[in-house]
Structures are given as C-alpha cells and as structure tokens.
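Everything below concerns the one structure shown next.
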Ligand code: C5P
C-alpha cells in the first residue's frame, strides 16, 4: 500500500459530550454531536493507526474498524482516558467535557412536590482531563503527542487566537485545534473552520471544510509532528 503516515501508531480519541446525572432519569449535558471526533477516528484509521474511540454521548455512529469504549460522565471519561493513554502514541481530547457535575446524584427520581421549595442544584468542578493527561505524559518522560480542542468566542480572530495561545500554554498540550465559535456555528454542524496552534511555536495553521476535511488535515499534521519526534 501507499505510505500510511500513522502505520504502527496507537491513537486514542475522546468524542461526544459527557452527561452528568442528577438522578436515574435526568442529566446535565451539552450540544456536542461527536461528529468531529468520529471524523478524526476515521481519518486516523485511514492513516493506518490502531484507533481507540472513547465515546461520550454522540449523535452519530462510531466508524467501523476502531475500538469503541462508551462512557457517560466526565469522571468515567477521565478513568478510561488515563488508562488508554498508557499505551498510546497520540491522545486527542475532542470530547466536550462538562466543567461541572451535580454535587449529589439522587438514587431515586427527584419528585416534584407542591409542599417543598424549588430545588437548587449544587455543582462541583470536574477534573481537567487534558491537563492531567499532559501531566502524566510529562512525569513519565514520554514523547506521546497530546492534542486538545478549544471552542472560543470573540468578534476578532486576533482576540480568539491570543486567548487560545494562553489556553495552549495553560493546558500544556502539543497541539490545540481552535474553533472560532459563532452563534450558530460548530455544534452539530457538518462544516468546521479551525486554526491549529502548536506548543513548539510554529505558525498557526488554518483549516476549513467538512469535519472530514478538517480531520484529515489535523491527522496529517499529527503525522508530521510524530515524524519530527520519532524520526
Ligand atoms: O478549557 P476548555 O474546556 O476550553 O478546554 C477544551 C479542551 O480541554 C478540550 O480538548 C476538552 O476535551 C478538554 N477538557 C478536558 N477536561 C475538562 C474540560 C475540557 O479534558 N474538564
């Protein structure tokens, strides 16, 4: 076959949106469709990688030919990602992870009662999985490539990029794929427009098109970063 840029590599990708339960029938969720993560999984597979897709709630099916691990909550996603990262050459956090979860999960359905005050939901912070993956990678001294995503709002692209640069530093990942989010953009859409920032400080790389096109460009970039790290 033609040269496959990720042949022999193991790539773990998170996708979709976490759901944080309130009780057995209710959750706090988000609008992530999983489309970009699924497109990345298919592109990594097509590039020759062994792909593990760690899927929170998705509105699209997982692609064929990848190992699928389903999760629901941020804490489950964290556990699976930390375990999966141990033997991965590349880790991509494309999932929309809830920043907060309900402090308490009721064991039975929360009842609507006329004689009690309206309920108040207390939230607690979820761990930053991407940040933790980077910390584990660094303390192991491994040259694993860690890739994050960021959806940033802002009127000016310059503002969005400087905000994203700060996030890249804070998270410590090697590449940050930045979506400039407008009112009706990105979530659930088939089109995407991103800028790829690198910790190594190379020029920001723009990519746009279908989520499949963007995935192919991101995977291509990962292939060239890997060949720099392990020539
Ligand atoms: O900080 P922000 O949520 O914008 O960062 C987005 C990136 O961080 C994404 O790659 C997302 O998957 C990851 N993330 C995470 N754990 C969280 C929140 C976000 O790994 N609790």
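Residue numbers (UniProt numbering): 179 to 409. Every residue gets a Cβ at the ideal spot worked out from N, C-alpha and C, and that includes glycine. Because the structure is a prediction, the values reported are computed rather than measured.
- Task: Check whether the Cβ atoms of residue 212 and residue 236 sit closer than 8 Å, and answer yes or no.
- Result: Their beta carbons are under 8 Å apart, which means residue 212 touches residue 236 by this criterion.
- Query: For ligand 1, is there a heavy atom less than 7 Å away from the beta-carbon of residue 236?
  - Reply: No, the Cβ of residue 236 stays beyond 7 Å of every heavy atom of ligand 1.
- Query: With distances taken from CA atoms, which of 357, 326, 257 and 188 is nearest residue 367?
  - Reply: Residue 357 holds the alpha-carbon nearest to the alpha-carbon of residue 367 among 357, 326, 257 and 188.
- May I ask whether a heavy atom of ligand 1 can be found less than 7 Å away from the beta carbon of residue 328? The closest heavy atom of ligand 1 lies less than 7 Å from the beta carbon of residue 328.
- By DSSP, does residue 383 sit in helix, in strand, or in coil? Assignment of residue 383 by DSSP, reduced to helix, strand and coil, places it in the strand class.
- Query: Rounded to a whole number of angstroms, what is the C-alpha to C-alpha distance between residue 403 and residue 296?
  - Reply: Each residue's Cα considered, the two are about 53 Å apart.
- In chain order, what residues of the same chain have a beta carbon less than 8 Å from the beta carbon of residue 214, not counting five sequence neighbours either side? The answer, listed in chain order, is 193, 272, 327, 370, 389, 392 and 393.
- Distance cut-off 7 Å: residue 213 Cβ against heavy atoms of ligand 1: For ligand 1, not one heavy atom lies less than 7 Å from the Cβ of residue 213.
- Query: If you draw a straight line from the alpha carbon of residue 373 to that of residue 383, how long is it in whole angstroms?
  - Reply: Roughly 5 Å between the two C-alpha positions.
- Message: Just list the residues that DSSP pairs residue 245 with in beta bridges.
- Response: Looking at the DSSP assignment, residue 245 forms a beta bridge with 230.
- Please determine, among 226, 379, 340 and 269, the residue with the shortest C-alpha to C-alpha distance to residue 320. Residue 320 has its Cα closest to that of 269, out of 226, 379, 340 and 269.
- Query: Hey, is the region 180 to 187 in contact with the region 237 to 247, meaning 3+ C-beta pairs nearer than 8 Å?
  - Reply: Contact fails: fewer than three Cβ-Cβ distances are below 8 Å.
- Query: For residue 278 versus residue 302, is the C-beta distance shorter than 8 Å?
  - Reply: It is a contact, given that the beta carbons lie within the stated cut-off.
- Query: Is the beta carbon of residue 307 within less than 7 Å of some heavy atom of ligand 1?
  - Reply: True, at least one ligand heavy atom lies under 7 Å from that Cβ.
- Query: Would the beta-carbon of residue 373 be found less than 7 Å away from any heavy atom of ligand 1?
  - Reply: No, ligand 1 has no heavy atom inside 7 Å of this Cβ.
- Query: Considering residue 191, what are the terminal residues of the beta strand (DSSP E) in which it resides?
  - Reply: Looking at the DSSP string, the run of the beta strand (DSSP E) that includes residue 191 is 188 to 193.
- Message: Please classify residue 349 as buried or exposed, where buried requires at least 16 neighbouring CB atoms within 10 angstroms.
- Response: With 16 or more other CB atoms across the displayed protein chains lying within 10 angstroms of its CB, residue 349 is buried.
- Output the boundary residues of the alpha helix (DSSP H) element that contains residue 336. Unbroken alpha helix (DSSP H) run through residue 336: 335 to 349.
- Is the beta carbon of residue 339 sitting closer than 8 Å to the one on residue 377? Result no, Cβ atoms of residue 339 and residue 377 do not sit closer than 8 Å.
- Message: Tell me the DSSP secondary structure of residue 371 in three-state form.
- Response: Residue state, collapsed to three classes: strand.
- Message: Is the beta carbon of residue 307 closer than 8 Å to that of residue 280?
- Response: No, these two residues do not count as a Cβ contact at 8 Å.
- Message: My output table needs one value for residue 312: the three-state DSSP class, helix, strand or coil.
- Response: Under the three-state reduction of DSSP, residue 312 is assigned to helix.
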